[in-house]
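Structure first, then comments.
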Amino acid sequence: MPLTHTRELFAKALKGKYALGAFNVNNMELLQAIVEACEEEKAPVMLQISKGARQYANPVYLKKLIEAAVSLSTIPIAVHLDHGDTFELCKECIDEGFTSVMIDASHEPFEKNVEITRKVAEYAHKYNCVVESELGHLVGAQFDEGEEGGAHSVSGHYTVPEEAVKFVKESGCDSLAVAIGNSHGAYKFKGTQHLDLGRLKLIKKALMDAGLGDYPLVLHGASSVPKELAEEINKYGGKLGTDTAGVPEADIEVARRTGCTKVNIDTDLRLAMTAAIRKVMTENPKEFDPRKYLGPARIKVKDLVRHKIKDVLCCAGHAFD
Ligand code: G3H
Ligand code: 13P
Ligand code: ZN
C-alpha cells in the first residue's frame, strides 16, 4: 500500500472527530513500535521526521524504513516534515514524496512568516503536498509566568485568533500550529501554568466564522510526560529533574474535541525508550546484545503509542473509515 495523503487523513479525522497522532521517527525500533501499535489498533498514523532525524539517520535510510513499514502494514500512513526551517528543506522533502511539510518561520515577524510560508505553499501545492505553518511562539517553563516571553505573558507570544485568520488567508497554509502555552520537551510547565484551551476555542471559531470551514489545527508539544516514566528513568540511574511536567491527557482530549486534528508526540516516546533501556542495563550489567535492550524498548514504546491512540486521540478503529 502506498502512502496515504495527509489531506485525506485530515478530512476523515475532522469528520470523525478524532485526532491523528503525529509521532516522531528517528530509527527502526521507534518506527516499528509506532506502526505495529497502529496496525493492531487499526489507527491511521502520521510519521514525522525532523531535520535532526534526517541528519541522524540519513534521509535514504528513513525513506527505505518507511517503505518497509508501509509494505508490511495495511493502515493509512502519511509522512510529514516536522519543523522545516527553510524553503530548501521543505522543497527537498516535497520532492522526496512527503505528503505534508511544516514550514516553521514562527520566530520571524508576521509578514516575513507569511512570505516564507506562502513560498513553500506555492511550491507544495503544485505537488499536492499539504503545508503546516505556525503562528505565535511555543513557550515553556524556561520563562516565569507573567514574565516577558512566559507562558502567561501578555506580550503576544500566543496565537491571536484574528491574526490566525489573516495568516491562513494570506499564506495559503493548509493547517496551523497554534501557540497556546504549549512547548516541547519534558519540562513544559512551572507551578500553575497550563494550556490556554479557551484561546484554542476562539482560534477555531474565528477560522470558522471567516469562512475557512473546519480548519485543521495542530498541537505541538503534546507529550504528557508521565511521572511513572520519569520515576523509572531515575530509579535506574537517570537524573531527570523533579520538575518534569507535560500536558495532562484530559487537556489533550479537550484540544482534540476543539479541533486539534494533528497532535505531535515525541518526548513521551523518548522517555519510554530510555526507561526500558536503563532498566535492562541496570538489571543486567553483563548484557551487551543491543537486541536485549532495544527489544524491550520497542515494546514499551508500542504500549505507549497504543494507549495514546486508543485512550487519548481516539483514532483507534478509524483506519478503514
Ligand atoms: O519538535 C521537536 C521534535 O521533538 C523533534 O526533535 O529536532 O530533536 O529531532 P528533534
Ligand atoms: P513533545 O516534545 O511534547 O513530544 O512535542 C513534540 C513535537 O511537538 C514535535 O513537533
Ligand atoms: Zn513541534
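My numbering applies: residue -16 is where the sequence shown begins, and numbers increase by one. In this text, a Cβ means the ideal position worked out from N, Cα and C, and glycines have one as well.
* To do: Just confirm the distance between the C-beta atoms of Ala380 and Leu296, as a whole number of angstroms; I'd bet it's less than 8 angstroms.
  => In this structure the chain extends from -16 to 304, so residue 380 is not present and cannot be described.
* **Backbone CA spacing between Lys262 and Asn9 [nearest angstrom]** => Their backbone Cα atoms lie some 21 angstroms apart in a straight line.
* Pick out whichever of Cys112, Arg240, Asp68 has its Cα sitting closest to the Cα of Ala88. => Measuring from the Cα of Ala88, the nearest candidate turns out to be Asp68.
* Rounded separation between Gly164 and Lys269 - CA only -> Lys269 has its alpha-carbon roughly 44 angstroms from the corresponding atom of Gly164.
* Can you find at least 3 beta carbon pairs, one from the segment 47 to 59 and one from the segment 78 to 87, that sit closer than 8 angstroms? -> Counting Cβ pairs under 8 angstroms, fewer than three are found: no touch.
* Buried or exposed: His90, going by 16 or more other Cβ atoms within 10 Å of its Cβ? -> Exposed, since its Cβ has fewer than 16 Cβ neighbours within 10 Å.
* Cβ pair Glu12, Leu254 closer than 7 angstroms -> It is not a contact, given that the beta carbons lie outside the stated cut-off.
* Nearest-angstrom Cα distance between Lys285 and Ala52? -> Whole-angstrom Cα-Cα distance: 14 angstroms.
* Does the distance from the CB of Ala259 to the CB of Pro279 come in under 7 angstroms? -> A distance below 7 angstroms separates the beta carbons of Ala259 and Pro279.
* DSSP state of Asn247, grouped into three classes? -> DSSP places Asn247 in strand when its eight states are reduced to three.
* Grab me the residues of Asp197's own chain with a C-beta within less than 6 angstroms of its C-beta, minus the 5 sequence neighbours each way, in chain order. => Cβ neighbours of Asp197 beyond the five flanking positions: Leu(-3).
* So, are the CB atoms of Pro27 and Ala233 less than 7 angstroms apart? -> Between Pro27 and Ala233, the C-beta spacing is not below 7 angstroms.
* **Asn111 Cβ short of 6 angstroms to the ligand 13P heavy atom set** => Asn111 Cβ: outside cutoff for every heavy atom of the ligand 13P.
* To do: Determine the direct distance from the alpha carbon of Glu75 to that of Ile86, and round the result to whole angstroms.
  => Their Cα atoms are separated by approximately 12 angstroms.
* Return the first residue and the last residue of the beta strand (DSSP E) that Leu277 is part of. => Not the beta strand (DSSP E): Leu277 falls in the alpha helix (DSSP H), residues 273 to 290.
* Asked: Does the segment 171 to 184 touch the segment 90 to 101, meaning 3 or more C-beta pairs lie closer than 8 angstroms?
  -> Touching, no.
* Option in Pro209, Met29, Ala238, Arg240 with minimal Cα separation from Thr225 -> The residue from Pro209, Met29, Ala238, Arg240 with its alpha-carbon nearest to that of Thr225 is Pro209.
* To do: Please indicate yes or no: does the CB of Asn9 lie closer than 6 angstroms to some heavy atom of the ligand ZN?
  => With a threshold of 6 angstroms, the Cβ atom of Asn9 does not count as near the ligand ZN, since no heavy atom of the ligand is closer than that.
* Hey, quick one: how far does the beta strand (DSSP E) through Val201 stretch, first residue to last? -> Counting along the chain, the beta strand (DSSP E) containing Val201 begins and ends at 200 to 202.
* Asked: What separation, rounded to the nearest whole angstrom, lies between the Cα atoms of Thr(-11) and Lys291?
  -> Their Cα atoms are separated by approximately 20 angstroms.
* Whose C-beta lies closer than 7 angstroms to the C-beta of Phe70 among residues of the same chain, with five residues either side of it excluded? -> If we look at Phe70 and ignore the five residues flanking it on each side, its Cβ neighbours are Ile99, Lys102, Val103.
* **Completely contained alpha helix (DSSP H) runs for the segment 46 to 107, where each covers 4 or more residues** => Those alpha helix (DSSP H) runs which fall completely within the segment 46 to 107 and span 4+ residues are 70 to 79.
* Can you say whether Pro92 is buried or exposed, counting buried as having 16 or more other CB atoms within 10 angstroms of its CB? => By the beta-carbon neighbour count (other beta carbons within 10 angstroms, threshold 16), Pro92 is exposed.
* Asked: If you check the beta carbons only, do Lys245 and Val201 fall under 7 angstroms apart?
  -> Yes, these two residues count as a Cβ contact at 7 angstroms.
* To do: With a 10 Å radius around its C-beta and 16 neighbouring C-beta atoms as the bar for buried, classify Asp304 as buried or exposed.
  => Counting the other CB atoms within 10 Å of its CB gives Asp304 a total below 16, which places it among the exposed residues.
* Return the Cβ separation of Gln31 and Ala(-6) in integer angstroms, given the expectation that the two are a contact with Cβ distance under 8 angstroms. => A Cβ-Cβ distance of about 19 angstroms is found for the pair Gln31 and Ala(-6), leaving them out of contact under the 8 angstroms criterion.
* Asked: From Val161 to Glu19, what distance separates their C-alpha atoms?
  -> Those two C-alpha atoms are separated by around 29 angstroms.
* **For Asn7, three-class secondary structure by DSSP** => Here DSSP, grouped into helix, strand and coil, assigns Asn7 to strand.
* Cβ-based neighbour list, Ile77, same chain, cut-off 8 angstroms, excluding 5 preceding and 5 following -> Non-local C-beta neighbours of Ile77 in its own chain, meaning closer than 8 angstroms and more than five positions away in sequence, comprise Val84, Tyr106, Ala107, Tyr110, Cys112, ordered along the chain.
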